[in-house]
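Colleague: Quick one: structure below, then a few questions.
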Ligand code: ACM
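Residue numbers (the working numbering): 2 to 261.
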């Protein structure tokens, strides 16, 4: 199957323009699964909770309907990040396909000032069994907790769709280890550009990438341009967890020895 990472340069508060920008990139390349950045439609650098509240949307919003129509037309799936208005406001990602909304993930490990605006995710780490393969989701800073990718691997994910708004430089390198230690694919879709709001300036590092279970970087985008890249991936490779005759990355775990 073919997976695409869509690297946008969202403009804060310009949802329509941001959705249109993502769609125009997606129109240029055929794929089975498109991964878009975290909070791709709203932008990231909120000033306060009131502002997030005014821009958050329920899972079945206009963005969802637009993406859903698009997946119907192109027979594909899309994972995108958005501010979810539910019982509380979550930093979420939706998985949308021709059949409508397939699932939601709510970011478990909130980064920095996100802790002021969002409720921590409460849906665990879901894996969705799609006709194209088993797709799990985590969002941005979840990468720094190996437990995120490990939970998804233990639940059978072959590919992790990873919407991001990266500001630290480490993830593009560290995610390679997440792939190796779990023997799965990752597709990190980051954004580029800067948001200077309320005295806080954030610069996003781009460097979206698709990485294979053997740690090979299949594609890596630049630090400045809004663009898209694809990779053909054989997800069955992610089912091969055996490293050699004696070592299996998941079965070799020793949870009985992991204690404080
Ligand atoms: C991040 O989690 N957006 C850095």
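All C-beta atoms in this analysis are idealised placements derived from N, C-alpha and C, irrespective of residue type, glycine included. Model, not experiment: these values are computed from the prediction.
(1) In this structure, how does DSSP classify residue 186 when only helix, strand and coil are distinguished?
(2) Helix, strand or coil: how does DSSP classify residue 233 here?
(3) So, for residue 10: in the same chain, excluding its five sequence neighbours on each side, which residues have a beta-carbon less than 7 Å away from its beta-carbon?
(4) Suppose the cutoff is 8 Å on Cβ atoms and the five residues either side in sequence are ignored; what does the same chain contact list for residue 14 look like?
(5) Give the residues whose C-beta lies closer than 6 Å to at least one heavy atom of the ligand ACM, in chain order.
(6) Leaving out five residues before and five after residue 86 in sequence, what residues of the same chain have Cβ atoms less than 8 Å from its Cβ?
(7) Quick check: what's the CA-CA separation for residue 26 versus residue 261?
(8) With DSSP run on the structure shown, which of helix, strand or coil describes residue 208?
(9) Should residue 33 be labelled buried (16 or more other beta-carbon atoms within 10 Å of its own) or exposed?
(10) At least one CB of chain D closer than 8 Å to the CB of residue 44: is that the case?
Modeller: To lay it out plainly:
(1) strand
(2) strand
(3) 192, 193, 194, 227
(4) 43, 44, 56
(5) 39, 112, 141, 142, 166, 167, 168
(6) 54, 57, 58, 59
(7) 48 Å
(8) coil
(9) buried
(10) Looking at the structure shown, chain D is missing, and only one protein chain is on hand.
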